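Report on the structure given below.
Protein chains: 2
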Amino acid sequence: MHVQQNSEFDSCLSIPFSRSCPRQPARSLNRTMQNDLTLLQSTSLFSGLSQEDLAGLLARMGAVHRSYNRGVVLVQAGSPNHSVGIILSGRIEAVRLAPDGSPLPITQMGPGGVFGDVLGGSSLCSPVTVTACTPCDVMLIPYQRLLCPDGSAAQQQVLQNLVRTISDKYFLLARRVDLLLLRTLRAKVSAYLLSEADRAGQLTFRIPFTRAQLARYLNCDRSALSRELGRMQREGLLDTYRSSFKLRDLDALRKLSQ
Amino acid sequence: MHVQQNSEFDSCLSIPFSRSCPRQPARSLNRTMQNDLTLLQSTSLFSGLSQEDLAGLLARMGAVHRSYNRGVVLVQAGSPNHSVGIILSGRIEAVRLAPDGSPLPITQMGPGGVFGDVLGGSSLCSPVTVTACTPCDVMLIPYQRLLCPDGSAAQQQVLQNLVRTISDKYFLLARRVDLLLLRTLRAKVSAYLLSEADRAGQLTFRIPFTRAQLARYLNCDRSALSRELGRMQREGLLDTYRSSFKLRDLDALRKLSQ
DNA sequence: AAATTACCGTTGCATGTGCAACAGAACAGC
DNA sequence: GCTGTTCTGTTGCACATGCAACGGTAATTT
């Protein structure tokens, strides 16, 4: 099973859906439930739990299952969010509204991804808007129930996992800071593309951004990004067409990214 | 008692030491222990615990008390870190080494500050070097003992608190990202100074950075920063001399910071 | 198939800012 | 006192990049 968690970017755009339609007859639903448990087990939040413990825990915590269509807003920035969500199928993206109102892409996540966890139960308002990129199935768990210990070993394991999950997100954000700290646009582009190639495991890959989105992500102007990519292409460093990239000179790119 | 936690910047440079020398006769030491407990109670990590619970928990977890002289390295970047530290007195600072080797200030903390918590227990190596700005007293708790539940209510409370603590640090980092995303140097300076004034609670304050450090923090050139500060001073927006600042036109600064 | 929209590359221009170099002030040590 | 070091402000210059505008191509809709 293809599980992606905490992936700040994710170049895999085609997700193999285990279910195209969440509303199914009861017999299929049981089978679906089984699939969900297996997926949840491989999640950073629920790793290390047996299926029995997990099922019991979910019931005690009042976990609910929701389906959303593409484009639906799951979490509205500025309004309080009381649930942790785990993606069962589909993709979601989190964006921030910049002070000037333009959307700033933060992260995208596929099945197994956990969102809404970095609120610390402090009844804080979410700084990001979470929307469904594709039709989604999501499991929602009230944050209070998640944090409030019931004394079970499983629940304590989940708390530990939660610490891990949030720490991982911290490090992802820290890596983004590293990107933003690079001085030249060329360095940013090189660092970003190298990280994407690393994630994809090959030198040819697609990124989950349009040019305009990537420009916002790297905090630069869209035309400047196009210009720089054109230059790098002419210099033989890479090939690119729209969202597709092929890295040609890894060593040079590594040097450029400092 | 003056408690500072999770302060990414902190303009208070003069810390009133409760103890100038940690090595004292037994009678004083007990009194010191009492002070420590009170301070720890007001910490984000140990809030909500009674002194009895806290004392028992610390003993069970194998917490140790260490003193460091100014300049000593508490955590070396790149080497694994197995302990969470809570500052009892003094100040510490965390810096990163940029790819080019220059130090990049990350955070400073005073009494009550918690560090080494964002490692997720995954035996990760610390990305930052933590050093003592002043002579320090620190309480160290093995991360494994902290995460591994013993079934006590106090321990579960600590786990919850740990989630909160890490979440808070995530948001601090997110705010730094916001700073870095601002397009012009003037906007960065305005946003930073406004946040410092907000923290200090007054328009006249000192920042914990030299010009060169602030330039690194805002990701700009030192001379460019001096130039911009000079311009803003001539325009009547603020006054500055070395690390001291006085904001003169709050409205204008707010507009500039977008 | 036509029309509408979104996406992308290109280019000219203005300028903010990195870079290097220098000098004076503050500070520490002797 | 003197000396060396660190911190800071200043300035000239080059250039990377933001900005605006335009046209072309791909994608989507009717």
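So the sequence lines, in the order shown, correspond to chains A and B.
First residue of the first sequence? That's 1 in the numbering used here, and the numbers climb one at a time after it.
First residue of the second sequence? That's 259 in the numbering used here, and the numbers climb one at a time after it.
Just so you know, even glycine gets a beta-carbon here, dropped at the ideal spot from N, CA and C.
It should be emphasised that the depicted structure is a prediction, and the values quoted were computed from it without experimental measurement.
Rounded to the nearest angstrom, the gap between the Cα atoms of A:PHE205 and A:LEU194 is 11 Å.
No Cβ of chain B is located within less than 8 Å of the beta carbon of A:SER79. In the three-state reduction of the DSSP assignment, A:PHE209 falls in the coil class, being assigned neither a helical nor a strand state. In the three-state DSSP reduction, B:GLN491 falls in the helix class (H, G or I).
When Cβ pairs closer than 8 Å are counted between the two stretches, the stretch 421-430 of chain B is seen not to touch the stretch 486-498 of chain B, the count staying below three. Taking one beta carbon from each stretch, the stretch 341-356 of chain B and the stretch 387-394 of chain B have 3 or more pairs nearer than 8 Å; the two touch. In this structure, A:SER226 sits near A:ARG211, with a CB-CB distance shorter than 8 Å.
In the DSSP assignment, A:ALA94 is bridged to A:THR107 and A:VAL130. Membership of A:VAL158 in any beta strand (DSSP E) is not indicated; the residue belongs instead to the alpha helix (DSSP H) covering 153-181. Between the alpha carbons of A:THR43 and A:LEU203 lies a distance of about 28 Å. Sequence-distant partners of A:ARG248 (beyond 5 residues in either direction) whose C-beta falls short of 7 Å from its own C-beta, in its chain, are GLY236, LEU237, LEU238 and ASP239.
Residues of the stretch 230-251 of chain A with a Cβ closer than 7 Å to any Cβ of chain B: none. Note: A:PHE46 is not bridge-paired with any residue in the DSSP secondary-structure output. Pairing B:ILE399 with B:ALA317 gives a Cβ-Cβ distance that is not under 8 Å. Look at the beta carbons and you see the stretch 406-421 of chain B not touching the stretch 331-341 of chain B: under three pairs across the two are nearer than 8 Å.
With the criterion set as a beta carbon lying under 9 Å from some beta carbon of chain B, the members of the stretch 162-173 of chain A are LEU162, VAL163, ARG164, THR165, ILE166, SER167, ASP168, LYS169, TYR170, PHE171 and LEU173, in sequence order.
Residue environment for B:LYS446: buried (at least 16 other C-beta atoms within 10 angstroms of its C-beta).
Residues of chain B with a Cβ closer than 9 Å to the Cβ of A:GLN202 do not exist, since the nearest Cβ in that chain sits about 25 Å away. By the neighbour-count criterion, in which 16 or more other beta carbons inside 10 Å mark a residue as buried, A:VAL73 falls on the exposed side.
Residues of chain B whose Cβ lies closer than 8 Å to the Cβ of A:VAL189 do not exist, since the nearest Cβ in that chain is about 16 Å away. For B:PRO407, the neighbours in chain A by C-beta distance under 7 Å run, in chain order, GLN156. For A:PRO127, the nearest CB of chain B lies under 8 Å from its own CB, placing it at the interface with that chain.
When DSSP states are grouped into helix, strand and coil, B:ARG328 belongs to the coil group.
DSSP, reduced to helix, strand and coil, places A:SER190 within a helical segment of the structure shown. Distance from the CA of B:PRO369 to the CA of B:THR389, rounded to the nearest whole angstrom, comes to 14 Å. Taking C-beta atoms as the reference points, B:LEU438 and A:LEU180 count as a pair closer than 8 Å. The beta carbon of B:ASN477 falls within 8 Å of a beta carbon belonging to chain A, placing the residue at that interface. Put simply, the CB of B:GLN402 is far from chain A, with every gap to its CB atoms at 8 Å or more. If you ignore the 5 residues before and after A:ASP53, its C-beta comes within less than 7 Å of the C-beta of ALA154, all in its own chain and listed in chain order. The shortest C-alpha to C-alpha distance from B:CYS383 to any of A:ARG231, A:LEU250, A:ARG70 and A:PHE171 is the one to A:PHE171. A Cβ-Cβ separation of about 19 Å leaves B:LEU404 out of contact with B:VAL386 under the 8 Å criterion. The beta carbon of B:ASP375 sits closer than 7 Å to those of VAL342, LEU420, THR423 and ILE424, all from its chain and outside the five residues before and after it, given in chain order. For B:LEU505, the beta-bridge partners assigned by DSSP are B:LEU496.
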